[in-house]
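Visitor: Numbering (numbering that gives the first Met the number 0), first residue to last: 0 to 128.
Yeah, the Cβ is synthetic: ideal placement off N, Cα and C, and Gly gets one too.
One structure, as C-alpha cells, below. Some questions next.
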Amino acid sequence: MSVPEQLRYTEEHEWVAGVGDESGIVTVGITQHAADALGEIVFLELQSGEGDTVTSGEPCGEVESTKSVSDLYAPVSGEITAINSAVIDEPKVINDDPYGEGWIFKVRVADEPGDLLDAEAYNKLVEEA
C-alpha cells in the first residue's frame with residue numbers, strides 16, 4: 000500500500016493535506032487503508048456544513064460501506080470551508096481515489112494541528128494492526 004509522504008495522518012485513518020500551508024486551509028479525507036478495510040463505500044454523511052466548526056478528535060460524520068458503518072473524525076479543529084459534493088453524491092470515489100478526487104472536506108485550521116502522524120509513523124501503525 001502506498002502512503003503519500005506529503006500528507007499527515009491520524010490513528011483513526013484520516014489524512015490531512017496542506018499542514019503548514021500559508022492559507023491555513025487543509026484538505027481532509029480517509030486513507031487507502033481505511034477505504035480498503037471498509038469495502039465498497041455506499042454512503043457518506045457529514046454532521047456539519049460549510050461555515051460550521053469541527054473539533055479535533057471528535058466525530059464529524061459517518062462512512063457507511065457494504066460491510067459496516069464507521070465514524071469520521073475531525074483531524075484538526077477549525078471552520079469547514081468546503082465540502083466535496085462529488086463524494087456525497089458518489090461515495091465510491093473514495094474507494095477509487097482516496098488521496099485525490101476522494102477528499103471529503105476542507106478546514107481553516109483554528110490552531111496548530113496536534114497529534115498527526117507522518118507517513119513513516121502511519122505505515123508502522125497500519126503494519127502493527
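1. Does the structure place the region 27 to 35 close enough to the region 45 to 52 that three or more beta carbon pairs sit under 8 Å?
2. On the premise that Val86 lies in contact with Val27, defined as a C-beta separation below 8 Å, what is that separation, rounded to the nearest angstrom?
3. Does the beta-carbon distance from Leu37 to Ser64 come in below 8 Å?
4. Please list the terminal residues of the continuous beta strand (DSSP E) segment that includes Tyr98.
5. Quick check on DSSP: helix, strand or coil for Lys105?
6. What is the DSSP secondary structure of Ala16, reduced to helix, strand or coil?
7. Which term fits Ala73, buried or exposed, when burial requires 16 or more other beta carbons within 10 angstroms of its beta carbon?
Guide: Quick answer:
1. Segment contact: the region 45 to 52 against the region 27 to 35, fewer than three CB-CB distances shorter than 8 Å; contact not assigned.
2. Counted from its first residue, the sequence shown places residue 27 at position 28. Counted from its first residue, the sequence shown places residue 86 at position 87. Val27 to Val86, Cβ: 11 Å. No contact.
3. Your numbering for residue 37 matches position 38 in the sequence shown. Your numbering for residue 64 matches position 65 in the sequence shown. A contact, by the Cβ cut-off of 8 Å.
4. Taking the sequence shown and counting its residues from 1, the one referred to as residue 98 is at position 99. Element bounds for Tyr98: n/a, residue is neither H nor E.
5. Translated into the one-based positions of the sequence shown, residue 105 becomes position 106. Strand, per DSSP.
6. In the sequence shown, counting from the first residue as 1, residue 16 sits at position 17. The DSSP-derived three-state label of Ala16 is strand.
7. As a first step, residue 73 must be located in the sequence shown, where it is residue number 74. Burial call: buried.
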